[in-house]
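The structure under discussion appears below in the form of structure tokens.
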Amino acid sequence: MRRLPRAFYARDAISVARDLIGCLFVHAGPEDVTAVRLVEVEAYRGDQDPGSHGFRGPSPRTRTMFGPPGHLYVYFTYGMHWCANVVCDREGVCEAVLLRAGEPAEGLDMMRVRRPGIADDRLLAAGPARLTLAMGIGKPHDGASLLRGGSMWCAEDEATERHRARAVWTRRIGLAAGRGDDLEWRRVIPGHPHASRRR
DNA sequence: CAGAAGATCTGC
DNA sequence: CAGATCTTCTGC
59 MRRLPRAFYA RDAISVARDL IGCLFVHAGP EDVTAVRLVE VEAYRGDQDP GSHGFRGPSP
119 RTRTMFGPPG HLYVYFTYGM HWCANVVCDR EGVCEAVLLR AGEPAEGLDM MRVRRPGIAD
179 DRLLAAGPAR LTLAMGIGKP HDGASLLRGG SMWCAEDEAT ERHRARAVWT RRIGLAAGRG
239 DDLEWRRVIP GHPHASRRR
């Protein structure tokens, strides 16, 4: 397993989304380690993308996304959900990849504890807010580094390429009409049991 | 300062 | 399919 270096993130969000599929996303907390294999992500770009929180420039909430690559942008939505993004491109440029779904790869028991009442393991991290719930990620992790020394990171292993080869581009989920809903910036392994499903 | 919309999920 | 629930931004 190889932790992804800074150079991986220091590119536009489309390129990062394409290559992030099949990678592991790891959270090594003080008491436990959880990890998922990413099977669904979405690219968000700044001033070219009305779907991005950073479309109209930086704000206190989106400051992290305008910062250096290789960090986590965590935001709160719908009054109760946290979603995690990987910050891309160079400092000052708003580009990020939303982590939408993953297959549990480590810490399955802890994920079940964090997601009481979810009987089907396929649903543990099949959605951006489900993924953060299963992995214990929230506001304190906004701005956390994914690079050397941090307790969260992305990594490649021997299975990554196999997953990447199956991924396709589709339209992004949950965007209102005219806000970039027509752009095919969602990278997903079609039909994967751990990807998010039609509502 | 008020109002609307939001990168959603669960349970009925 | 509706309810939960609150932050952020926009417009007046």
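For the first sequence, the positions run 59 to 257 when the numbering used here is used. Glycine is no exception: its CB is placed at the ideal position from the N, C-alpha and C atoms. Just so it is clear, the structure is predicted and the values come from calculations on it, not from any experiment.
- Rounded to the nearest whole angstrom, the CA to CA distance from Pro162 to Ala217 is 14 Å.
- With distances taken between CA atoms, Val144 lies nearest to Leu96 out of Leu96, Ala235 and Gly236.
- Rounded to whole angstroms, the separation of the alpha carbons of Asp70 and Arg206 is 21 Å.
- If you look at Val94, you'll find it in the beta strand (DSSP E) that goes Val91 to Arg103.
- Annotation note: the stretch 120-180 contains the following uninterrupted alpha helix (DSSP H) runs of length 4 or greater, listed N- to C-terminal: 166-172.
- Residue range Leu82 to Ala86 is occupied by the beta strand (DSSP E) that includes Phe83, with no alpha helix (DSSP H) assigned at that position.
- For Ala213, the enclosing beta strand (DSSP E) covers residues Met210 to Glu214.
- Straight-line measurement puts the Cα of Ala101 at about 5 Å from the Cα of Ile72.
- In the three-state DSSP reduction, Ser117 falls in the coil class, being neither helix nor strand.
- Within the same chain, Cβ atoms closer than 7 Å to the Cβ of Thr122 are found at His129, Tyr131, Val145, Asp200 and Gly201, the five residues on either side in sequence being excluded.
- A distance of 8 Å or more separates the beta carbons of Leu78 and Ala93.
- Shortest Cα-Cα distance from Gly194 to any of Val74, Val91, Trp227 and Glu149 involves Val91.
- Where Arg245 is concerned, there is no enclosing alpha helix (DSSP H), although the beta strand (DSSP E) around it starts and stops at Arg244 to Val246.
- For the pair Arg60 and Ala213, the CB atoms are nearer than the 8 Å cut-off.
- Ser254 counts as buried, since no fewer than 16 other beta carbons sit within 10 angstroms of its beta carbon.
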